[in-house]
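This report concerns only the one structure given below.
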Ligand code: HEM
Ligand code: SF4
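Protein chains in written order, with my numbering: chain A, 492 to 554; chain B, 2 to 409.
So, in structure tokens, the structure goes:
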């Protein structure tokens, strides 16, 4: 699994951080997403998929 | 292709007005016509009070798609409420700049970037002990009163107001006056004149607060914004008003209506009392099941385009019904059943897209702390009047109870 983010779209709602801490974080300055781990293990797939689906502005894509 | 046929079919019917009457005896269920509209099609024609024919969105997937699509604009021009709510006749001309709820990206994005850092999970977690302290103090006062008391006035209103006062750095001695103005603005029984007066007085208070933050910036949001950004006083005023409008009533009515819903489902309440690890799931289910933001979000089509097989015309007003979307059988199994173990997190109670609630982590914290503290303090909490006597807020943007008399 490889994660890509389009940070320009991020509205800083932080849903991804809630669902997959350790994979995503929020910037302390502008609240936008920080990708901590672009290739997390298979065990995180469900959480990352839910984050991608629930991100309100479709920032996260998984390949 | 069935989509197109279906939508053409529903297009031939007479457009409905926006329904607000709740089914009798079911204060938690959305108005019945929403389910009928959704069964026809997730997007149906809607008649607005001035005769404009726009759209109503009742499906979960379509609702998320509309809110995530910026061709549906949030700019005020041409936007109309689907119902005349008290206060909706108040002119919007005099509103300060900086009210980013009524903006589109990229202007909107600029404000979100400046504000989001104050609402991150990390920041909100730091607030937990203070929120707990405020809840405990309100419950102390309630306990001294012996009951019955109106939970709305004693707990559900003051908790979010205190939290917001703290976020904004409002001095203790001004908080009572602040609450009075906020109460008038959000009350059903206030006249237009009273609202205008409170708006002016509240504006004065907030101006003074912004001035004080510039003189001597504290660690609160306003203090930080004066130091870290180049926002003007007027923009700060607009931002503050957005935080008040967006964060107070919503949380208040979730607290009160949520307590009512729990008291009305005694088996699930007993399970929750026996196992507090169910709390976060219960909060999520209450958000979905109650969906207190009941009128809107509203958007206006900024161009002509195809959306889910329909032609949308520039200027068409689209209203998403969050209560309807959150009861969509395509999104939730047995959607009308309240189930704190459901684990349904993909609801739209906080909206979606770029305007998705900025305070959602804070709201969840206030609700979790609020429900748990209240229920732990009063193990025998119950309604003090028969359920039929509890009035609801059908015509308000935020649904809820008018009062919730309880005893313990
Ligand atoms: C349970 C309580 C709450 C509910 C159900 C709720 C719901 C919503 C919804 C549905 C929206 C989207 C409006 C739109 O799309 O036009 C929204 C926006 C917003 N909410 Fe909340 N909210 C709650 C609590 C809060 C709190 C506590 C705060 C912070 C103090 C807050 C701050 C905001 C802000 C600033 C916006 C505007 C975001 C923007 O336009 O970019 N909300 N909320
Ligand atoms: S959920 Fe989406 S919008 Fe929210 S912080 Fe994460 S990436 Fe940004």
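Note that beta-carbon positions come from the ideal geometry of N, C-alpha and C, so glycine has one too.
Residue i: which of the options sits nearest, CA to CA?
| i | options | result |
| --- | --- | --- |
| residue 521/A | 132/B, 187/B, 139/B, 229/B | 229/B |
| residue 179/B | 192/B, 194/B, 199/B | 199/B |
| residue 278/B | 156/B, 20/B, 380/B, 344/B | 344/B |
| residue 245/B | 270/B, 168/B, 273/B | 168/B |
| residue 112/B | 531/A, 503/A, 497/A | 503/A |
| residue 262/B | 380/B, 143/B, 190/B, 372/B | 372/B |
| residue 78/B | 238/B, 141/B, 318/B | 318/B |
| residue 240/B | 265/B, 207/B, 347/B | 207/B |
| residue 235/B | 98/B, 288/B, 108/B | 98/B |
| residue 186/B | 28/B, 404/B, 397/B | 397/B |
| residue 70/B | 401/B, 142/B, 355/B | 355/B |
| residue 41/B | 352/B, 17/B, 28/B | 17/B |
| residue 117/B | 29/B, 226/B, 282/B, 402/B | 226/B |
| residue 222/B | 301/B, 120/B, 281/B | 120/B |
| residue 281/B | 129/B, 232/B, 341/B | 341/B |
| residue 30/B | 337/B, 349/B, 359/B, 390/B | 337/B |
| residue 292/B | 322/B, 388/B, 36/B | 322/B |
| residue 64/B | 320/B, 359/B, 370/B | 320/B |
What does a CB cutoff of less than 6 Å around residue i pick up in its chain, not counting 5 residues either side in sequence?
| i | result |
| --- | --- |
| residue 406/B | 149, 151, 385, 386 |
| residue 290/B | 339 |
| residue 329/B | 60, 61 |
| residue 253/B | 157, 158, 161 |
| residue 102/B | 243 |
| residue 332/B | 61 |
| residue 303/B | 72, 74 |
| residue 203/B | 182 |
| residue 346/B | 285 |
| residue 259/B | 287 |
| residue 378/B | 140 |
| residue 163/B | 135 |
| residue 269/B | 341 |
| residue 250/B | 187, 399 |
Which same chain residues end up closer than 7 Å to residue i when comparing Cβ atoms and leaving out the 5 residues on each side of it in sequence?
| i | result |
| --- | --- |
| residue 518/A | 525 |
| residue 501/A | 523, 524, 548, 550 |
| residue 538/A | 510, 511 |
| residue 381/B | 409 |
| residue 274/B | 376 |
| residue 559/A | Examination of residue 559/A is not possible in this model, given that chain A is present from 492 through 554 alone. |
| residue 361/B | 351 |
| residue 266/B | 339 |
Please return the same chain residues whose Cβ sits closer than 8 Å to the Cβ of residue i, not counting the five positions on each side in sequence.
| i | result |
| --- | --- |
| residue 542/A | 506, 507, 510, 511, 514, 515, 551 |
| residue 22/B | 32, 395 |
| residue 109/B | 75, 101, 355, 356 |
| residue 402/B | 28, 153, 254, 257, 258, 261, 391, 392, 393, 394 |
Could you tell me whether any non-hydrogen atom of ligand 3 is closer than 8 Å to the CB of residue i?
| i | result |
| --- | --- |
| residue 268/B | Ligands displayed in this structure: ligand 1 and ligand 2; ligand 3 is not among them. |
Problem set entry | Touch test, the segment 361-375 of chain B against the segment 118-126 of chain B, Cβ-Cβ under 8 Å, three pairs minimum | yes
Problem set entry | Contact set between the segment 497-511 of chain A and chain B, restricted to residues whose Cβ is under 7 Å from the partner | 502, 503, 504, 505, 508, 509
Problem set entry | Touch test, the segment 184-197 of chain B against the segment 288-308 of chain B, Cβ-Cβ under 8 Å, three pairs minimum | no
Problem set entry | Residues within the segment 536-551 of chain A neighbouring chain B, beta-carbon criterion of under 8 Å | 541, 544, 545, 547, 548, 549
For this session: Mind checking the segment 516-529 of chain A against chain B and listing, in chain order, the residues whose C-beta falls within less than 8 Å of any C-beta there?
Result: 517, 518, 519, 520, 521, 522, 523
For this session: Check each residue of the segment 336-360 of chain B: if its Cβ is closer than 9 Å to any Cβ of chain A, include it; give the result in chain order.
Result: 346, 347, 351, 352, 353, 354, 355, 356, 357, 358, 359
For this session: Determine which residues of the segment 61-81 of chain B have a Cβ less than 8 Å from any Cβ of chain A, and write them out in chain order.
Result: 68, 69
Exercise. Name the residues in the segment 94-118 of chain B whose C-beta lies less than 7 Å from a C-beta of chain A; which are they?
Worked result: 113, 114, 117, 118
Problem set entry | Contacting positions in the segment 358-378 of chain B - beta carbon closer than 8 Å to chain A | 358, 359, 361, 362
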